[in-house]
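In what follows, a structure is listed as C-alpha cells, so that the remarks can point back to it.
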Amino acid sequence: MALQGKKIWLDGEMVDWDKAQVHVLTHALHYGTGYFEGIRCYALDDGRSAVFRLDEHVRRLFDSGKILGFPLPYPFDRVKSAIMDVVRANGLKECYIRPVAFLGLGEMGLYAPDNPVHLAIAAWSWGAYLGDEGIKNGIRAKVSSYTRHHVNVMMTKSKVSGNYINSVLAKTEVKKAGYDEAIMLDTEGYVAEASGENIFMVRDQRVKTTPPTSILPGITRDSLLTVARDKGYQVTEERFTRDELYTADEAFFTGTAAEVTPIREVDNRKIGERCPGPATQDLQQTFFNIIKGKDAKYARWLAYL
Ligand SMILES: *Cc1c(COP(=O)(O)O)cnc(C)c1O
Numbered sequence: 001m002a003l004q005g006k007k008i009w010l011d012g013e014m015v016d017w018d019k020a021q022v023h024v025l026t027h028a029l030h031y032g033t034g035y036f037e038g039i040r041c042y043a044l045d046d047g048r049s050a051v052f053r054l055d056e057h058v059r060r061l062f063d064s065g066k067i068l069g070f071p072l073p074y075p076f077d078r079v080k081s082a083i084m085d086v087v088r089a090n091g092l093k094e095c096y097i098r099p100v101a102f103l104g105l106g107e108m109g110l111y112a113p114d115n116p117v118h119l120a121i122a123a124w125s126w127g128a129y130l131g132d133e134g135i136k137n138g139i140r141a142k143v144s145s146y147t148r149h150h151v152n153v154m155m156t157k158s159k160v161s162g163n164y165i166n167s168v169l170a171k172t173e174v175k176k177a178g179y180d181e182a183i184m185l186d187t188e189g190y191v192a193e194a195s196g197e198n199i200f201m202v203r204d205q206r207v208k209t210t211p212p213t214s215i216l217p218g219i220t221r222d223s224l225l226t227v228a229r230d231k232g233y234q235v236t237e238e239r240f241t242r243d244e245l246y247t248a249d250e251a252f253f254t255g256t257a258a259e260v261t262p263i264r265e266v267d268n269r270k271i272g273e274r275c276p277g278p279a280t281q282d283l284q285q286t287f288f289n290i291i292k293g294k295d296a297k298y299a300r301w302l303a304y305l
C-alpha cells in the first residue's frame, strides 16, 4: 500500500503530498548524496502529543550535513519548527517523521559543490517497525554475510543515504532466509549493530552495547544507556563477539523505528531462558513510560506539540 498523507514540507513551504516531487537527475538519486533522520511523535496519556528527543535528532541532522560537506541551509530552530508544523499539518497525534536533505539538480559529476541542498520533511502513521509481536515476544535475528562499514570507508556517524545500501543488502539477505532482522559484524568481526538498529546484550545483570565506532550512534541507544545507568544497572560500551551474543542472557535492539525490540534468537540459537528477559522487560517498560509522558524524570526528552 502506498504511503499517503496530506502535506510535506519542502524547501520552506508546506506542499500537497502528491506535489512533493524531484527531477530524475537529482544528484542524490544517483550517488546517495542525501542524509536523513527518523523521529517519532507520540500521543501522550494526557491527550497531548510530543516529539521524542527533537533537539538531538535535529542536531544529528546538522551533524550529518557537516560531515558530508553539504550542510543544511537553514537555522536550527527553523528546522525544529518545520518538523512540528508537518505533524500538525497532517493532523497526526502519533507518527514517524522523516526529514531528508539531498543534493539536487545541477552538476551530474561527483564533484557538485554548487548543487542545491534541498530539505523535505514528511510524516506518517507507522506502527512497530519489527511488529507488535516482535516488541512483545522478541524477534529472530541472523548475522549477515555483509560486513558493517569500516570507519574510513563510510562516515558512520552520518545518517547518509548512501550508507544504507549496506543495510538493504543485509536486511534483504536475512529476510529472504526467513529471519526478521540482520546483525552486522564490523570489519574485525565484532558485533556492530543491526541494519537500522543498535544492539544491546545482558549477561549476569551486566548491560553491554557496542562502542560508537562503526555504528550509527542512536538516540534510542543513548536513551537506553541513560535509563539503565539511572536504574543502577552496570553498563558498559564495549566490543563483544558473535559467540558472546549466543550465550547472552538477554539481547535487544534499539532504534527510533524499532523502539526497544527483544531478540529471541540469533542464528537459530535461543537467547536466554525466556524472552523478553527481566532486564529487557524493565528497560523496555521504562522506555515506553517515558515516551508516553508517564515518567516526569525524563520530561526533558519530550517536545510538546
Ligand atoms: C537510525 C539508525 C539507528 C538508530 O538510531 P536512533 O537514533 O535510535 O533512531 C541505528 N543504526 C542505524 C544504522 C541507523 O540508521
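One point on numbering: in the working numbering, the residue at position 134 of the sequence shown is 134, and numbering is uninterrupted. Think of the CB as a built atom: it goes at the ideal place given N, C-alpha and C, for glycine as much as any other residue.
Counting only unbroken stretches of 4 or more residues, no alpha helix (DSSP H) element lies wholly within the segment 197 to 224.
Taking all protein chains in view, the Cβ of His150 is surrounded by fewer than 16 other Cβ atoms within 10 Å, so the residue is classified as exposed.
Contact annotation: the segment 24 to 42 touches the segment 51 to 66, with at least three C-beta pairs closer than 8 Å. The C-beta separation of Met184 from Ala192 comes to about 5 Å, placing the pair in contact by the 8 Å criterion. The beta strand (DSSP E) runs lying completely inside the segment 219 to 260 and spanning 3 residues or more are 234 to 237 and 250 to 255, given in chain order. Look at Val174 here: in three-state DSSP terms it is helix.
The Cβ neighbour count for Phe76, taken over all protein chains shown within 10 Å, is under 16; the residue is labelled exposed. Per the C-alpha coordinates, the member of Arg203, Pro211 and Tyr179 positioned closest to Tyr190 is Pro211. In the DSSP assignment, Gly34 is bridged to Phe102. If you draw a 10 Å sphere on the C-beta of His27, you find 16 or more other C-beta atoms in it, and that means buried. Taken in chain order, the whole alpha helix (DSSP H) runs of length 4 or more contained in the segment 24 to 92 are 27 to 31, 54 to 68 and 76 to 89.
Relative to the non-hydrogen atoms of ligand 1, the Cβ of Gly255 comes within a distance shorter than 7 Å of at least one.
Secondary-structure assignment with DSSP links Leu302 through a beta bridge to Phe52. In the displayed model, Asp16 falls within a strand according to three-state DSSP. With distances taken between CA atoms, Glu238 lies nearest to Val207 out of Asn268, Gly277, Gly32 and Val207.
Under the three-state reduction of DSSP output, Lys136 falls in the helix class. Per DSSP, reduced to three states, the secondary structure at Tyr96 is strand. When the beta-carbon positions are compared, Gly196 and Ala257 come within less than 8 Å of each other. In the DSSP assignment, Ala279 falls outside any beta strand (DSSP E) and lies within the alpha helix (DSSP H) extending over Pro278 to Ile291.
Counting along the chain, the unbroken beta strand (DSSP E) around Met184 starts and ends at Glu181 to Leu185. Exclusion of the five residues before and after Arg53 leaves Ile219 and Trp301 as the residues of its chain whose Cβ lies within less than 6 Å of its Cβ.
Between ligand 1 and Ser64, a heavy atom-to-CB distance of less than 7 Å is absent. Assigned with DSSP and collapsed to three states, Ala2 falls in coil, not helix or strand. Under the three-pair Cβ rule at 8 Å, the segment 107 to 116 does not count as touching the segment 217 to 237. Counting C-beta pairs with one atom in each stretch, the segment 161 to 175 and the segment 73 to 91 have fewer than three that are closer than 8 Å, which means they do not touch. Look at the beta carbons and you see the segment 7 to 17 touching the segment 117 to 133: at least three pairs across the two are nearer than 8 Å.
Proximity to Cys95 across Gly127, Leu225 and Gly32 peaks at Gly127, based on C-alpha coordinates. Take the alpha-carbon of Asp45 and the one of Lys297: they are about 16 Å apart. At a Cβ-Cβ threshold of 8 Å, Glu265 and Arg140 count as neighbours.
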